[in-house]
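A.B. asks:
Protein chains in written order, with this note's numbering: chain R, 93 to 429; chain G, 187 to 521.
1) For residue 469 (chain G), which residues of its own chain have a beta-carbon under 6 Å away from its beta-carbon, when the five flanking residues on both sides are left out?
2) Tell me which residue opens and which closes the alpha helix (DSSP H) that residue 409 (chain G) is part of.
3) List the residues of chain R whose Cβ lies closer than 9 Å to the Cβ of residue 403 (chain G), in chain order.
4) For the stretch 306–319 of chain G, which residues have a beta carbon sitting closer than 8 Å to at least one beta carbon of chain R?
5) Assign residue 287 (chain G) to one of two classes, buried (16 or more other C-beta atoms within 10 Å of its C-beta) or exposed (fewer than that).
6) Which partner residues of residue 112 (chain R) appear in the DSSP bridge assignment?
7) Apply the 10 Å Cβ neighbour rule to residue 93 (chain R) and answer buried if 16 or more other Cβ atoms are within range, or exposed otherwise.
8) Evaluate contact between the stretch 429–436 of chain G and the stretch 498–507 of chain G, counting only Cβ atoms and requiring at least three cross-stretch pairs below 8 Å.
9) Figure out for me which residue from R:223, R:202 and R:179 has the closest Cα to the Cα of residue 266 (chain R).
10) Helix, strand or coil, according to DSSP, for residue 202 (chain G) in the structure here?
11) Return helix, strand or coil for residue 352 (chain R), following the three-state DSSP convention.
12) Specify, as a first and last residue, the run of the alpha helix (DSSP H) that residue 241 (chain G) falls within.
13) Once you ignore the five residues that flank residue 424 (chain G) on each side, which residues in its own chain have a CB closer than 6 Å to its CB?
14) Report yes if the C-beta distance between residue 199 (chain G) and residue 281 (chain G) is below 8 Å; otherwise report no.
15) In this structure, how does DSSP classify residue 169 (chain R) when only helix, strand and coil are distinguished?
16) Taking Cβ positions only, does residue 275 (chain R) come closer than 8 Å to chain G?
17) Does the beta carbon of residue 229 (chain G) sit closer than 8 Å to a beta carbon anywhere in chain R?
18) Please specify which runs of the beta strand (DSSP E), each continuous and at least 3 residues long, are wholly inside the stretch 318–342 of chain R, giving them in chain order.
19) Which residues in chain R sit within 9 Å of residue 457 (chain G), going by Cβ to Cβ distance?
20) For residue 342 (chain R), which residues of its own chain have a beta-carbon under 7 Å away from its beta-carbon, when the five flanking residues on both sides are left out?
21) Taking only runs that begin and end inside the stretch 117–187 of chain R, name each unbroken alpha helix (DSSP H) of 4 or more residues, in chain order.
22) The beta strand (DSSP E) spanning residue 196 (chain R) covers which residue range?
23) So residue 136 (chain R) and residue 101 (chain R) are supposed to be a Cβ contact under 8 Å. How far apart are they, rounded?
24) Please determine, among R:157, R:261, R:129 and R:125, the residue with the shortest C-alpha to C-alpha distance to residue 109 (chain R).
25) With 16 as the cutoff for other CB atoms within 10 Å, does residue 290 (chain G) come out buried or exposed?
26) Taking the beta carbon of residue 246 (chain G) as the centre, do at least 16 other beta carbons fall within 10 Å, making it buried, or is it exposed?
27) In three-state terms, what does DSSP make of residue 210 (chain G)?
28) In chain G, which residues lie less than 7 Å from residue 245 (chain R) when you measure between Cβ atoms?
29) Classify residue 399 (chain G): buried if its beta carbon has 16 or more other beta carbons within 10 angstroms, exposed otherwise.
30) Between the Cα of residue 364 (chain G) and the Cα atoms of G:300, G:397 and G:352, which residue gives the shortest distance?
31) Tell me the DSSP secondary structure of residue 372 (chain G) in three-state form.
32) Ignore the nearest five residues each way along the sequence and tell me which others in residue 224 (chain G)'s own chain have a CB closer than 8 Å to its CB.
33) Measuring alpha carbon to alpha carbon, tell me which residue in G:452, G:390 and G:426 is nearest residue 440 (chain G).
34) What residues match up with residue 490 (chain G) in a beta bridge as DSSP calls it?
35) Does DSSP put residue 382 (chain G) in a helix, a strand or coil?
36) Would you give the residue range spanned by the alpha helix (DSSP H) that residue 356 (chain G) belongs to?
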């Protein structure tokens with residue numbers, strides 16, 4: 093295995109359940125992954141697969157109806173290893189980590205910023221609690237952060253309210269806020285879904301730069317396989333609360349071994365393949381989380397389903413980096429080699 | 187021979203901006219600013235561009251859901267009768283509403299939650315003379331089956347359906363009057379990828395069966411490439427490039443289209459290209475830049491771009507007509 097020191101965050105067998113109306117939604121049901129320093133891990137999946145809940149769990153930002161059932165989240169801070177799941181949600185230690193060591197960019201920049209405070213104020217909050225800078229230094233730092241993000245006239249813009257920012261600028265302000273304390277881990281939850289492609293390209297460029305310059309580990313949550321192909325070093329494909337396939341981008345995109353990954357890749361038209369490309373929709377839709385299929389969650393939509401799929405498949409290690417959760421992966425892999 | 191179904195000439199949609207105590211008009215949002223476009227029978231025409239470029243407004247202006255400020259929208263019927271739609275009285279517009287339909291972007295807000303599916307969908311049939319309820323139920327039932335849904339679903343309420351199903355109901359609503367042209371306004375953007383593929387396949391299948399023409403409005407160029415015969419790229423209320431969908435990718439003429447294509451993440455590790463990163467945002471359509479509207483963000487801009495507005499000129503690539511509006515194109519112009 094790789095050098096332990098390289099791993100910034102390690103999640104093992106994490107389970108997060110939601111409880112509403114005496115029913116239980118197993119939103120995240122046994123997820124394990126590692127995030128390496130200076131690398132990007134992309135978590136992909138459709139809506140409702142639990143990818144955002146995984147992110148919220150790491151940040152301990154879960155709503156009150158849910159709790160971490162079991163598993164561990166190990167975060168390496170300097171030389172200590174901290175078990176995040178054991179920390180109190182709003183305790184001192186968690187608040188010290190949240191925002192300074194692990195920061196998050198939210199999906200919708202229109203609602204994630206508070207409209208009644210200036211952008212500068214919202215960025216400076218982070219610096220006020222996590223650093224020893226004085227007022228003047230904080231302001232200077234805010235301006236330099238906005239400048240780094242490519243916002244024009246940062247000295248003026250820092251005192252403006254979010255409504256006078258455009259969508260792309262708000263998202264950049266959000267990134268400035270997340271990057272304020274040089275976090276070791278940056279969690280980006282669909283950071284560009286609400287934005288146009290040209291603005292998306294700007295944001296990606298920025299994230300690439302941050303990764304290279306600060307050695308930040310990035311967890312990027314997305315539903316777009318295109319984004320994965322462009323940015324990811326490692327990929328984890330989620331379906332209904334489980335990681336069904338994980339590996340390097342090369343492993344997963346070139347040699348998909350899970351029928352779901354393959355289906356996901358085939359269901360989107362790819363630019364440059366012209367009009368004659370064949371797209372294959374996945375039959376049916378994602379199951380009701382309160383009324384799940386037994387065994388493999390993907391079985392009812394899968395063309396490879398057999399009786400053995402009534403039992404949840406175990407994780408199989410194909411090679412050092414590539415793992416899959418499917419009974420039929422060998423035959424599947426043979427066929428599409 | 188290709189025959190037009192719609193001819194747009196100089197279509198403009200300007201929204202007034204009001205301010206102050208007396209709501210004085212202080213300016214105009216130039217949402218659509220002079221669009222010439224022919225849509226041919228039986229084709230899928232893609233209309234692509236970033237948000238705020240006026241593509242949805244143009245789609246709505248064709249159906250007069252938004253009144254065009256200026257310009258002509260001509261409908262040409264199967265037996266070559268031309269009708270100018272913008273000057274018609276509201277009630278004279280009705281027979282054309284039957285021919286031109288729209289599928290809206292957001293499947294969650296385009297169905298009335300307090301009506302059953304049948305309740306929502308029967309109104310247009312009633313209006314266009316299908317008096318018996320039995321017959322209306324039959325038409326809607328048949329169409330629901332055509333989009334792979336069960337006939338009984340028509341007595342359910344919208345909240346009982348998923349996003350993909352609602353979008354299919356939206357398609358049924360557009361289809362029930364047997365239109366000739368359907369404007370699909372971001373019809374698949376709100377859907378998950380696996381569901382998106384289902385709806386795309388369905389749209390293609392229906393087009394074949396019912397001989398439809400689509401105006402497919404989207405910001406996703408990979409979808410347009412798959413679906414469309416021709417693509418028009420819009421920027422700040424104007425069409426900057428219009429050509430066959432393959433030529434748009436292989437022989438891009440306008441620098442904006444080039445940047446737009448390069449910015450799209452491609453789900454194929456072998457096809458990764460260098461992103462052309464445009465600086466800044468789309469300028470405000472209230473106060474568009476002088477000269478070429480794209481020049482402040484254009485990596486190739488020269489002096490002429492700052493002063494003169496380029497017009498849409500005709501070129502030829504691969505033997506196909508190719509329109510683009512840029513000062514810097516080297517190809518010979520065709521008249």
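Here a beta-carbon is modelled for each residue, glycine too, at the ideal position from N, C-alpha and C.
C.D. replies: On the basis of the data shown:
1) Your numbering for residue 469 (chain G) matches position 283 in the second chain. Only 475 meet the Cβ criterion.
2) Indexing the second chain from 1 puts residue 409 (chain G) at position 223. Per DSSP, residue 409 (chain G) belongs to the alpha helix (DSSP H) from 407–413.
3) Looking up residue 403 (chain G) in the second chain gives position 217. The premise fails here: residue 403 (chain G) is roughly 14 Å from chain R at the closest Cβ pair, so nothing lies under 9 Å.
4) The residues in question: there are none.
5) Indexing the second chain from 1 puts residue 287 (chain G) at position 101. Classification for residue 287 (chain G): buried.
6) Position 20 of the first chain, counting from 1, holds the residue named residue 112 (chain R). Answer is R:115.
7) Locating residue 93 (chain R) in the first chain gives position 1, counting from the first residue. Legend: pLDDT at residue 93 (chain R) = 43, less than 50; position of this residue unreliable, value from coordinates given subsequently. Label assigned to residue 93 (chain R): exposed.
8) At 8 Å Cβ cutoff, the stretches touch.
9) Counting from 1 along the first chain, the entry for residue 266 (chain R) is found at position 174. Ranking R:223, R:202 and R:179 by Cα distance to residue 266 (chain R) puts R:202 first.
10) The residue you call residue 202 (chain G) lines up with position 16 of the second chain. In the structure shown, residue 202 (chain G) sits in a strand (DSSP, three-state: E or B).
11) Translated into positions along the first chain, residue 352 (chain R) becomes position 260. Correct three-state label for residue 352 (chain R): helix.
12) Position 55 of the second chain, counted from the first residue, corresponds to residue 241 (chain G). Run containing residue 241 (chain G): 241–248, per the alpha helix (DSSP H) assignment.
13) Within the second chain, the letter at position 238 stands for residue 424 (chain G). Taken in chain order, the residues that qualify are 219.
14) As a position in the second chain, residue 199 (chain G) is number 13, starting the count at 1. As a position in the second chain, residue 281 (chain G) is number 95, starting the count at 1. No, they are not a contact pair.
15) The count along the first chain starts at 1 and reaches residue 169 (chain R) at position 77. Of the three classes helix, strand and coil, the one that applies to residue 169 (chain R) here is strand, per DSSP.
16) Position 183 of the first chain, counting from 1, holds the residue named residue 275 (chain R). No, because no Cβ of chain G sits closer than 8 Å to the Cβ of residue 275 (chain R).
17) Against the second chain, residue 229 (chain G) aligns to sequence position 43. No, no contact with chain R.
18) 326–331 and 334–340
19) Your numbering for residue 457 (chain G) matches position 271 in the second chain. The answer, in chain order, is 321, 362, 363, 364 and 365.
20) What you label residue 342 (chain R) is simply residue 250 of the first chain in a count that begins at 1. For residue 342 (chain R), there are no CB contacts under 7 Å within the same chain when 5 residues up- and downstream are skipped.
21) 143–150
22) Indexing the first chain from 1 puts residue 196 (chain R) at position 104. Its beta strand (DSSP E) spans residues 194–197.
23) Within the first chain, numbered from 1, the residue matching residue 136 (chain R) stands at position 44. Within the first chain, numbered from 1, the residue matching residue 101 (chain R) stands at position 9. In fact, because the Cβ distance is near 18 Å, the residues do not count as touching under 8 Å.
24) One-based indexing of the first chain puts residue 109 (chain R) at position 17. Measuring from the Cα of residue 109 (chain R), the nearest candidate turns out to be R:157.
25) Along the second chain, one-based indexing puts residue 290 (chain G) at 104. It is buried - the Cβ of residue 290 (chain G) has at least 16 other Cβ atoms within 10 Å.
26) Counted from its first residue, the second chain places residue 246 (chain G) at position 60. Buried, because 16 or more other Cβ atoms sit within 10 Å of the Cβ of residue 246 (chain G).
27) Locating residue 210 (chain G) in the second chain gives position 24, where the first residue counts as 1. The answer is strand: DSSP assigns residue 210 (chain G) an E or B state.
28) In the first chain, counting from the first residue as 1, residue 245 (chain R) sits at position 153. Those do not exist, as residue 245 (chain R) stays about 12 Å from chain G at its closest Cβ, beyond 7 Å.
29) Along the second chain, read from residue 1 onward, the residue named residue 399 (chain G) stands at position 213. Buried, by the Cβ-count rule.
30) In the second chain, the residue the question calls residue 364 (chain G) occupies position 178. Looking at the Cα atoms, G:397 is the closest of the given residues.
31) Within the second chain, the letter at position 186 stands for residue 372 (chain G). DSSP places residue 372 (chain G) in coil when its eight states are reduced to three.
32) Taking the second chain and counting its residues from 1, the one referred to as residue 224 (chain G) is at position 38. Cβ within range, chain order: 190, 192, 193 and 194.
33) To locate residue 440 (chain G), count along the second chain from 1; it is residue 254. Minimum Cα distance to residue 440 (chain G) is reached at G:426.
34) Position 304 of the second chain, counted from the start, is the residue given in the question as residue 490 (chain G). Residue 490 (chain G) pairs with nothing; no bridge assigned.
35) Here residue 382 (chain G) refers to the residue found at position 196 of the second chain. Three-state result, residue 382 (chain G): helix.
36) Indexing the second chain from 1 puts residue 356 (chain G) at position 170. Segment 349–361, the alpha helix (DSSP H) holding residue 356 (chain G).
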